[in-house]
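There are 2 protein chains.
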Amino acid sequence: MDWQNVLAARNGRMKASEIRELLKLLDQPDILSFAGGIPDPALFPTETFRDAMTEALSGPASGAALQYSVSEGYLPLRDWIAGRMAQIGIPCTAQDVLITSGSQQALDYLGKLMLDPGDTALVTWPAYMGALGAFNAYQPRYDRLDPKGNRTSADIAEAAQADGGRVKFAYLSADFANPTGETLDRAGREALLDLAEELDIAVIEDAAYQALRYDGEPVPPILALELARKGDLQECRTIYSGSFSKVLSPGLRVGWVVAARPVIQQLVLMKQAADLHSPTLNQIATNHVARAIFDDHVARLRTTYAARRDAMLSALARYMPEGVRFTKPEGGMFVWLTLPPGMDAAELLAQSLKTERVAFVPGRAFFADGSNGNTLRLSFSCANAAQIEEGMKRLGRLLSSVGARSEAPVAG
Amino acid sequence: MDWQNVLAARNGRMKASEIRELLKLLDQPDILSFAGGIPDPALFPTETFRDAMTEALSGPASGAALQYSVSEGYLPLRDWIAGRMAQIGIPCTAQDVLITSGSQQALDYLGKLMLDPGDTALVTWPAYMGALGAFNAYQPRYDRLDPKGNRTSADIAEAAQADGGRVKFAYLSADFANPTGETLDRAGREALLDLAEELDIAVIEDAAYQALRYDGEPVPPILALELARKGDLQECRTIYSGSFSKVLSPGLRVGWVVAARPVIQQLVLMKQAADLHSPTLNQIATNHVARAIFDDHVARLRTTYAARRDAMLSALARYMPEGVRFTKPEGGMFVWLTLPPGMDAAELLAQSLKTERVAFVPGRAFFADGSNGNTLRLSFSCANAAQIEEGMKRLGRLLSSVGARSEAPVAG
């Protein structure tokens, strides 16, 4: 059978993810990997999850833990999330919360909710490649989201119309972004909200890393800033996507969306049709663990990851040759390197795996237009200080050997 | 904000599911519900799952159980599934198996894989309403799948082209179907394969209930019959969708797809982009439980559900007035009633909830064209013999009171 005869057109946009393929490298023990954007499994609250599972699967309620449940999600967990949202400036109720199977599913659903083929999605340049992957299935056009840039909303809207669609949303990771580690400041967030108002579009705030701040002053979530303007969540155009993946466990696939009621209601219908509901037991266990240890656990993660970030920034400052720039993140898991123009990080990775055995993610896949081949992402979340020291030393040696030296190192 | 301005066209096809709304009725203790197509939670192997979770979350491998994992699914579980498939006439390897978050996700992904707007999906009349819900997001046209019918493949293809698309697949639940409880015989399966060859389309075999046969002779899976014709899974056009939901636990959301490599590979890419992977721990625990107790547990389910089916068929024969026909399923969870022409099962349900407090699912939602309002689905899986006796008695009383009496009862 020639399967091309029955495939939908959207399959042409669904390609293998470089990150997912790279994860397979982690199995090779002699590789020093700074590639995967994954939490350190040694920091998982395994015992608390085990207690939660034992409790959920004991006694008269144990049947319900293995049974079908409602598409909206487990109510006590949605209650806990609503309380957590209030703490960060977004008072809401469980009715405003939908549980998703990780924030990746939220991105898929939001693309499905809003994108007709040819519509425009505004995304940062670079953006989380998994968001581009999720949106690609709905065949969008991409344009660059730059809240502090010079293009007017009219220019952006006209370009979208010229290509036969409409701008539907702006997507960004505002805090310690994947892949850059950078945080959009308050003025940038306000400018983004102004732009969204002018374009009459939604804003998708991907907050996967928001809780992992190591220093500096917290910036209010975009949804909190919009709520401060409008006074009512139901009037807001910002859709907040949260996740337990980076702070409790990614393998359980529990995330959430907070948004105005018409969005939540339509996403519930979509989830009913697409997978009925996220696993019941996972939600019950996550609720148990979040209520038991969330703040203490996040504090512990912050201490550990901050030390690793410090080790990486220190080693980068010492080992990177001239001409290599890197960001200085105040949280999250990533540092973003810009190599001299003309260098190609994908070629560098191939070379590195041969000679230095250091892994990272070439930056091109994070750009909707596949540009900026001279960038790469490093993750410090799963490496100890000695590994970071050795890895950055090797990477610096490699970069020096291939001739990166045109500018002085600049953090920014 | 007017959300209509940013919603994609596909949202017009995504409607609330009658079944999901009806599930909320189960919380009312005085309702005798035969509505939900759900397994009896009293039969879940809760202790075995608890042991599995405890083991997975203890010792050095516990971090991996809470970590990200590959989109294809947990290899030992895929190995077990491949062994199970071989037992039912479909020898294959783990490479031919993709883990999904329940078979509902498989249906969503298969719609996404194949349907462009206006393409035709052939579905049984009636069909599982959750399949129609999943496919609706991809804006298909539906046509009636009737392997034993008189329409030629040329007629079917021409009708699809006249509406601007192409026939992409035939979808059916071949064993103890939801909603009818009926099983397509071997000649029907062969005729279906002939039709699929002529149309050059895929076949989606929804096998959610296949393991739950109570009597009669097993009919080979459609994929097994195609494999017997072609000798190589890679040449087959049938896509097999399996699930642990009806036999181990629906709440963990673990299902699988077996198909030719081009389908599996594209579904893996789709899953990477849509939710990264199904929860790691759920797959590990399901593997543990399946290896420990699958055959014994299914045997126990068969004994219990068979007795409930017998009780329901016996009560229906005694209490249904003339003019009401019902199926005699050899397995699964459902009996399908056809009321006299002109009766409306949705109105009957409203009346029943007021006076008799008996719940069922009106049949209209199972028909792609919303026809056949005089049908309804009963599930016997969650009721004991006394509840079934009382429920059918009340239903018979209600039907008699509204005047069903035009024909003699016929099973078939």
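Protein chains in written order, with the numbering used here: chain A, 1 to 412; chain B, 1001 to 1412. The beta-carbon is built from N, C-alpha and C at its ideal position, and this holds for glycine as well. Quick caveat: nothing in here was measured; it's all calculated off a predicted structure.
> Residues of chain A with a CB under 7 angstroms from the CB of Arg1096(B): which are they?
Replying inline: It is worth fixing the name first, because residue 1096(B) is Asp in this sequence and not Arg. Under the 7 angstroms cutoff, chain A gives no residues; its nearest Cβ is about 15 angstroms from Asp1096(B).
> chain B partners of Lys168(A), CB-CB under 9 angstroms?
Replying inline: Residues of chain B with a Cβ closer than 9 angstroms to the Cβ of Lys168(A) are, in chain order, Asn1005, Val1006, Leu1007, Ala1008.
> Thr448(A) and Ala292(A) look like a contact to me (Cβ under 8 angstroms); what is the Cβ gap, rounded to whole Å?
Replying inline: Past the boundaries of the shown model lies residue 448(A); chain A is included only from 1 to 412, so the question cannot be answered.
>> Please tell me whether Asp119(A) and Arg166(A) are closer than 8 angstroms, where the distance is taken between their beta carbons.
In response: Result yes, Cβ atoms of Asp119(A) and Arg166(A) sit closer than 8 angstroms.
> I think Leu1107(B) touches Leu1122(B), with their Cβ atoms under 8 angstroms apart; what is that distance to the nearest whole Å?
Replying inline: Wrong, their Cβ atoms sit about 14 angstroms apart, outside the cutoff.
> In terms of residues, what are the limits of the beta strand (DSSP E) holding Met1311(B)?
Replying inline: According to the sequence displayed, residue 1311(B) carries Ala and not Met. Element bounds for Ala1311(B): not the beta strand (DSSP E) but the alpha helix (DSSP H), 1280-1319.
> So is Gln95(A) buried or exposed if we call it buried at 16+ other beta carbons inside 10 Å?
Replying inline: By the 10 Å Cβ count, Gln95(A) comes out exposed.
> Does DSSP classify Ile1088(B) as helix, strand or coil?
Replying inline: Under the three-state reduction of DSSP output, Ile1088(B) falls in the coil class, being neither helix nor strand.
> Which full runs of the alpha helix (DSSP H) of 4+ residues lie inside the region 1335-1412 of chain B, going along the chain?
Replying inline: Complete alpha helix (DSSP H) runs here, min 4: 1345-1355, 1385-1402.
> Is any beta-carbon of chain B found at less than 8 angstroms from that of Ser69(A)?
Replying inline: Taking Cβ atoms only, chain B reaches closer than 8 angstroms to Ser69(A), which makes this a yes.
> Mind checking Ala1386(B): buried by the 16 CB within 10 Å criterion, or exposed?
Replying inline: Exposed, because fewer than 16 other Cβ atoms sit within 10 Å of the Cβ of Ala1386(B).
>> Quick check on the burial criterion: 16 or more other C-beta atoms within 10 angstroms. Buried or exposed for Arg405(A)?
In response: Caution applies to Arg405(A), whose pLDDT of 48 falls short of 50 and renders its modelled position unreliable; the value that the coordinates give is listed next. Counting Cβ neighbours within 10 Å, Arg405(A) comes out exposed, since fewer than 16 surround it.
> If you scan the region 1173-1202 of chain B from start to end, which runs of the alpha helix (DSSP H) of 4 or more residues do you find wholly inside it?
Replying inline: Taking 4 residues as the minimum length, the alpha helix (DSSP H) runs contained wholly in the region 1173-1202 of chain B are 1186-1199, in order along the chain.
> Leaving out five residues before and five after Val1070(B) in sequence, what residues of the same chain have Cβ atoms less than 7 angstroms from its Cβ?
Replying inline: Taken in chain order, the residues that qualify are His1277.
> At what residues does the alpha helix (DSSP H) containing Arg1141(B) begin and finish?
Replying inline: For Arg1141(B), there is no enclosing alpha helix (DSSP H); the enclosing beta strand (DSSP E) has its first and last residue at 1141-1144.
> What does Phe1049(B) touch in chain A if you count any residue whose Cβ is under 9 angstroms from its own?
Replying inline: Simply Met53, Leu57, Ser62, Ala65, Leu66, Leu281.
>> What ranges does the beta strand (DSSP E) occupy inside the region 1045-1110 of chain B, keeping only unbroken runs of at least 3 residues that lie completely in it?
In response: Segments of the beta strand (DSSP E) lying fully in the region 1045-1110 of chain B: 1097-1100.
> For the putative contact between Leu1252(B) and Leu281(A), defined by C-beta atoms under 8 angstroms, what is the C-beta separation to the nearest angstrom?
Replying inline: Between Leu281(A) and Leu1252(B) the Cβ distance is about 6 angstroms, and since that is below 8 angstroms, they are a contact.
> Would you report the Cα separation of Asp1116(B) and Asp1143(B), rounded to the nearest angstrom?
Replying inline: Rounded to whole angstroms, Asp1116(B) to Asp1143(B) spans 15 angstroms at the Cα level.
>> Rounding to the nearest angstrom, what Cα-Cα distance links Thr180(A) and Ile156(A) in this structure?
In response: Between Thr180(A) and Ile156(A), the alpha-carbon positions lie close to 24 angstroms from each other.
>> Mapping the DSSP letters down to three states, classify Ala274(A) as helix, strand or coil.
In response: Looking at Ala274(A) - three-state DSSP - the assignment turns out to be helix.
> Do Gly370(A) and Arg377(A) have their C-beta atoms closer together than 8 angstroms?
Replying inline: Contact flag unset, no.
> Between the region 1359-1386 of chain B and chain A, which residues of the former have a C-beta closer than 9 angstroms to a C-beta of the latter?
Replying inline: Those residues of the region 1359-1386 of chain B that come within reach of chain A (Cβ to Cβ, closer than 9 angstroms) do not exist; the list is empty.
> Shortest alpha-carbon distance to Glu1182(B) belongs to which of Gly1164(B), Lys1271(B), Ala1368(B), Val1219(B)?
Replying inline: The shortest Cα separation from Glu1182(B) among Gly1164(B), Lys1271(B), Ala1368(B), Val1219(B) belongs to Val1219(B).
> Span of the alpha helix (DSSP H) holding Ala1121(B)?
Replying inline: Careful: Ala1121(B) lies outside any alpha helix (DSSP H), inside the beta strand (DSSP E) at 1120-1123.
>> Can you list, in chain order, the residues of its chain with a C-beta nearer than 6 angstroms to that of Gly1396(B)? Leave out the 5 residues immediately preceding and following it.
In response: Closer than 6 angstroms at Cβ, skipping near neighbours: Tyr1319, Met1320.
> Which whole-angstrom value is the C-beta distance of Pro1362(B) and Ala1346(B), which I expect to be below 8 angstroms?
Replying inline: In this structure Pro1362(B) is in contact with Ala1346(B), their Cβ atoms being roughly 4 angstroms apart against a cut-off of 8 angstroms.
> Residues of chain A with CB under 8 angstroms from Ala1137(B), in chain order?
Replying inline: The contacting residues are Lys112, Met270, Ala273, Ala274.
> Whole beta strand (DSSP E) runs in the region 203-257 of chain A with 3 or more residues, listed along the chain?
Replying inline: You should have 238-243.
> Hey, does Ile99(A) have any beta-carbon neighbour from chain E nearer than 8 angstroms?
Replying inline: No chain E is present in this structure, whose protein chains are A and B.
> Which residues in the same chain have their Cβ closer than 8 angstroms to the Cβ of Arg186(A), if we skip the five residues on either side of it in sequence?
Replying inline: So the list reads Val219, Pro220, Leu225, once near-sequence residues are dropped.
> the region 251-266 of chain A: which residues have C-beta closer than 8 angstroms to a C-beta of chain B, in chain order?
Replying inline: Cβ proximity to chain B below 8 angstroms picks out Gly251, Leu252, Arg253, Ala260, Pro262, Val263, Gln266 from the region 251-266 of chain A.
> Since Thr1046(B) meets chain A, which of its residues come closer than 9 angstroms, beta carbon to beta carbon?
Replying inline: Here the neighbours are Leu57, Ser58, Ser62, Gly63, Ala65, Leu66.
>> Taking 8 angstroms as the threshold (beta carbon to beta carbon), is Gly1102(B) in contact with chain A?
In response: So, interface residue.
>> Can you look up Leu1032(B) in the DSSP assignment and give me helix, strand or coil?
In response: In the three-state reduction of the DSSP assignment, Leu1032(B) falls in the strand class.
>> Among Ala16(A), Leu233(A), Ala174(A), Ile284(A), whose alpha-carbon lies nearest the alpha-carbon of Met130(A)?
In response: A small correction: the amino acid at residue 130(A) is Gly; Met does not occupy that position in the sequence shown. Looking only at Ala16(A), Leu233(A), Ala174(A), Ile284(A), the smallest Cα-Cα distance to Gly130(A) is reached by Ala16(A).
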